[in-house]
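Residues 6 to 207 (this note's numbering) are what the sequence shown spells out, left to right.
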Amino acid sequence: MRVDAPEALPVDVVVGRVERRGAWILRQWEHYHRLQPGPTPRRYMSGETHRYLGRQYRLKIIEGRPEEVKLLRGVFRVVVREPSDRQRVERLMNRWFEQHGKAIIAERVERCYAAMRGYGVPEPSEVVYRRMQMRWGSCTKAGKVLLNTELAHVPVSCIDYVITHELCHLKHPNHSPAFYALLTAVMPDWRERKERLERALL
Numbered sequence: 006m007r008v009d010a011p012e013a014l015p016v017d018v019v020v021g022r023v024e025r026r027g028a029w030i031l032r033q034w035e036h037y038h039r040l041q042p043g044p045t046p047r048r049y050m051s052g053e054t055h056r057y058l059g060r061q062y063r064l065k066i067i068e069g070r071p072e073e074v075k076l077l078r079g080v081f082r083v084v085v086r087e088p089s090d091r092q093r094v095e096r097l098m099n100r101w102f103e104q105h106g107k108a109i110i111a112e113r114v115e116r117c118y119a120a121m122r123g124y125g126v127p128e129p130s131e132v133v134y135r136r137m138q139m140r141w142g143s144c145t146k147a148g149k150v151l152l153n154t155e156l157a158h159v160p161v162s163c164i165d166y167v168i169t170h171e172l173c174h175l176k177h178p179n180h181s182p183a184f185y186a187l188l189t190a191v192m193p194d195w196r197e198r199k200e201r202l203e204r205a206l207l
């Protein structure tokens, strides 16, 4: 949820107004989201499309061994002993995305952190990559950054936004004006990237 307010308006005034209308805002938010269609359930059948780094690729299921997933010439080729076993196909696909997600995100973390040199951002104590259901990333007070391997589904520009957002929390563990000033200095177009990410489905 985003709140638009005049730049000259103090943050505490904005927060106070939001808090006073919190119950109404929550009711409107719940009503709006009840009207939104949910993501199409995955069937894990040949011909279905799956998103990788923001692009859609068709799924082709092939009977055989060894069981594996490969992205070849714009097609996800899934070799599985029993093509009708959709749960097995799903597990193979999830494993592929988790492995490739870790590799891609780790590379982007290095690039994003390098771009933040000179801003006084400390190094993370640890970076953990794992599949999460509710959030793209988080940063603990101890400096541990967690990143969702499901980011492999969204464009690289969105991956960089999530990483940069969490790395900024290493210096400002809040969403204060100082946090957003740092985020804007490092990534001036973060709002556009955030909006694009919000349109992407997990």
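Don't be surprised by glycine CBs; every beta carbon is placed ideally from N, CA and C.
query: Whole-angstrom distance between L152 and D165, CA atom to CA atom; result: 11 angstroms
query: Beta-carbon contacts of E177 that lie in its chain and below 8 angstroms, excluding the five residues immediately before and after; result: In the sequence as presented, Glu is not what sits at residue 177; that position holds His. Only A183, F184 and L187 meet the Cβ criterion.
query: The beta strand (DSSP E) enclosing K199, as first and last residue numbers; result: Run containing K199: none in the beta strand (DSSP E); it sits in the alpha helix (DSSP H), W195 to R204.
query: Other residues of its chain near K107: CB distance less than 7 angstroms, five sequence neighbours each side excluded; result: Y134 and T154
query: Inter-stretch contact (C-beta, 8 angstroms, three-pair minimum) for the stretch 82-101 and the stretch 120-132; result: no
query: Local conformation of Q61 per DSSP, three classes; result: strand
query: For N179, the three-state DSSP class (helix, strand or coil); result: coil
query: Candidates G69, V114 and H55: closest to N99 by CA position; result: H55
query: Own chain, CB closer than 8 angstroms to R70, minus 5 neighbours either side, in chain order; result: V84 and R86
query: Residues that V20 bridges to, as DSSP identifies them; result: DSSP output for V20 lists no bridge partner at all.
query: Nonlocal neighbours in the same chain, by C-beta distance under 6 angstroms from E171, ignoring five residues either side; result: G142, C144 and V150
query: K65: CB within 8 angstroms of a non-hydrogen atom of the ligand ATP; result: The ligand ATP is not part of this structure, which contains no ligands at all.
query: Runs of alpha helix (DSSP H) wholly within the stretch 123-179 (minimum 4 residues, chain order); result: 161-173
query: Whole-angstrom distance between R78 and E68, CA atom to CA atom; result: 19 angstroms
query: Three-way DSSP call (helix, strand, coil) for E73 in this model; result: strand
query: Per-residue DSSP class, three states only, for E53; result: coil
query: Residue interval of the alpha helix (DSSP H) (run including R96); result: R91 to A120
query: Short Cβ contact (9 angstroms threshold) for A205 with G59; result: yes
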